[in-house]
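One structure is given below, encoded as C-alpha cells.
Number of protein chains: 2
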Amino acid sequence: MGVTKSDLFSKTQNELAAIAKVLAHPARVAILQYLLKSNTCINGHLVEELGLAQATISQHLKELKNSGIIQGTIEGVSVSYCINPGRWEEIKGIFNTLFESYPTPDPNCGPNC
Amino acid sequence: MGVTKSDLFSKTQNELAAIAKVLAHPARVAILQYLLKSNTCINGHLVEELGLAQATISQHLKELKNSGIIQGTIEGVSVSYCINPGRWEEIKGIFNTLFESYPTPDPNCGPNC
DNA sequence: TTATTATATTGCAATATTACGATTAATCAT
DNA sequence: ATGATTAATCGTAATATTGCAATATAATAA
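What follows is the structure, encoded as C-alpha cells:
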C-alpha cells in the first residue's frame, strides 16, 4: 500500500520515526551540517553548496522547518535559517534515550558479565 | 524523479541518512524497543505484538538486518533476532557526533553568552 | 517420506518521496 | 511604479516504500 499504519504504534515510536525520516536524506543532513558550521544560511548559498535546484532545496528546508529542527527569519529579500536550539536538544534527547537503553559493552568485563 | 542524488554528498552524509532511514518507520522502532526489553525475539512474536502481517514484519526485520543493527541466528525452526552490540555502538556514535557538534545552551549564561 | 511449523520471497496495488521547471509572491533599489 | 533578486509553491514525472496474499524454502516431528 505505501501507507504506514501509525495507529498500531505508540506516540514515542511514531515521533522517533518521524524525526528519523527528516534526517533520512543526505541533502537534509548536509544542510544541518552546513548550519552547524556556519550558524546561518540562506537558500541561495545551499543551492551553490549542494548542487540541487532551488526548488528542491526549498522543499528540504521546509521539511526541516516543519519538524522544528531549524527556523527561518526573513532577512531583507532572503530568508536566514538557523538551528532551533531547544528543539535540537529535544531531538538529541529522544535519540539518546533510545541508544542509552542498551547497555554499552564493558571491555574490562569477563565472559560472565 | 524520486531518486536521491547520493553522489552530491559525502560518505558520512549518505551513511547517516541511510541509518536514519532504517529508523524512519515506527514498526522498526517498535521492533528495536522490543529487542531492547526482551533481548531476543522471533518473527512470530512480533506479528502478534505489532499486529502487522508476517510478510511485513519479515521485510522490516530484513531492513534492520541489512543495516547491521540486528542479527539473526537460526534456532531450530525459527530465527532468533538480537541487537548487534558493536554496530549499535557505532550508530550511537554517528548520531552523537552529529548532535554533539552543536553547543548545548548553558542556562547559567547571560544574554551576551 | 510426509506433515507441520516458521520464516523468506515474490508479485502487486496504494501511497510517499525526490527532483525540477515554471510560476507566484515578496522585498528592495532605482 | 518598474525592474531585479530571492524564496515559496504548483504541477508533474520518476522512483521508492509499505503492506499483504500467495507461494517458496527450510527445519523438525511423526
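Chains A and B, in that order, give the protein sequences.
First residue of the first sequence: 1, per the UniProt record's numbering; consecutive thereafter.
First residue of the second sequence: 1, per the UniProt record's numbering; consecutive thereafter.
Glycine is no exception: its CB is placed at the ideal position from the N, C-alpha and C atoms.
Keep in mind that this is a model prediction, so the values were computed, not measured.
Taking a Cβ-Cβ threshold of 9 Å, the residues of chain A close to B/S101 are Q33, L36 and K37, in chain order. The DSSP-derived three-state label of A/V79 is strand. Rounded to the nearest angstrom, the gap between the Cα atoms of B/H25 and B/L16 is 15 Å.
DSSP lists no bridge partner for A/T97. A distance below 8 Å separates the beta carbons of A/F99 and B/K92.
Taking all protein chains in view, the Cβ of A/A53 is surrounded by fewer than 16 other Cβ atoms within 10 Å, so the residue is classified as exposed. Boundaries of the alpha helix (DSSP H) around B/N66: Q54 to N66. Classified as buried, A/A30 has 16 or more neighbouring CB atoms from the shown chains inside 10 Å of its CB.
By the CB criterion at 8 Å, A/Y81 and A/I70 fall inside the cutoff. Counting the other CB atoms within 10 Å of its CB gives A/V22 a total of 16 or more, which places it among the buried residues. B/L32 and B/S58 have their C-alpha atoms some 14 Å from each other. As a beta-bridge residue in DSSP terms, B/Q71 pairs with B/C82.
Rounded to the nearest whole angstrom, the C-alpha separation of A/V79 and A/H45 is 11 Å.
In the DSSP assignment, B/T104 falls outside any alpha helix (DSSP H), carrying neither H nor E.
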